[in-house]
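Following the UniProt record's numbering, the numbering of the sequence shown begins with 1 at its first residue and continues without gaps. Idealized CB from N, CA, C, for every residue including glycine. From a predicted model like this one, the values you see are computed outputs, not experimental measurements. Here's the structure we're looking at; comments come further down.
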Amino acid sequence: MKKKVAFVCVHNSCRSQMAEGWAKKLGSDVLEVYSAGTEEYPQVKPGAVQVMEEVGVNMSKHYPKLLRDIPEEIDILITMGCNVVCPYVPCKHLEDWGLEDPSGGPIEGFRNTRDIIKEKVEDLIKRVKKGEL
């Protein structure tokens, strides 16, 4: 049975979207993947879409979602480093990845964040497959 994982940040426009993209690409056999934000935002950041496209993850159809758009019961909740009070979502396991938001900075910041998120998603998938989560 797949674990429901949700990646959450404030706008669901960059980090949580990249995490959703990686998790769907790398862990679709063990994860049911969602992402959401706590505040409305008009679009996914173009820099996030661009750097994910560079590594073969198409996010062109992604759009920001709110917490109300994801299931009420989540197995694993990952907050990305909200810099505010992170939202409460009922879950069985909670982690905060504490990632800096690259928005507004150079494209290299987006690439660095993308690569850190990939490593964290790979580790998450390994732990799910081992039955640790």
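_Segment contact flag, the segment 24-34 with the segment 96-110, C-beta cutoff 8 Å, min 3 pairs_ = no
*asked:* Suppose the cutoff is 7 Å on Cβ atoms and the five residues either side in sequence are ignored; what does the same chain contact list for K2 look like?
replied: Numbered from its first residue, the sequence shown carries residue 2 at position 2. Counting only Cβ-Cβ distances below 7 Å, and skipping sequence neighbours, we find V30, L31, E32.
*Note down, in chain order, each residue of its chain lying with its Cβ closer than 6 Å to the Cβ of V57, except the 5 sequence neighbours on either side.*
In the sequence shown, residue 57 corresponds to position 57, counting from 1. These residues qualify, in order along the chain: G21, K25.
*Which class does K2 belong to by DSSP, given the choice of helix, strand or coil?*
By one-based count along the sequence shown, residue 2 stands at place 2. Looking at K2 - three-state DSSP - the assignment turns out to be coil, as it is neither helix nor strand.
*What do you get for S35, buried or exposed, if any count of 16 or more other CB atoms within 10 angstroms of its CB means buried?*
By 1-based counting over the sequence shown, the position of residue 35 is 35. It is buried - the Cβ of S35 has at least 16 other Cβ atoms within 10 Å.
_Among P42, A48, A6, whose alpha-carbon lies nearest the alpha-carbon of R15?_
For the purposes of this step, residue 15 is identified with residue 15 of the sequence shown, where counting begins at 1. Minimum Cα distance to R15 is reached at A48.
*asked:* Under DSSP, the beta strand (DSSP E) around L94 begins and ends at which residues?
replied: Looking up residue 94 in the sequence shown gives position 94. Element bounds for L94: 91-96.
*Where S103 falls: helix, strand or coil (DSSP)*: Taking the sequence shown and counting its residues from 1, the one referred to as residue 103 is at position 103. S103 falls in the coil class under three-state DSSP.
*Can V5 and I116 be called in contact, C-beta distance under 8 Å?*
In the sequence shown, residue 5 corresponds to position 5, counting from 1. In the sequence shown, residue 116 corresponds to position 116, counting from 1. Not in contact: V5 and I116 (Cβ atoms no closer than 8 Å).
*Return helix, strand or coil for S35, following the three-state DSSP convention.*
Your numbering for residue 35 matches position 35 in the sequence shown. Three-state result, S35: strand.
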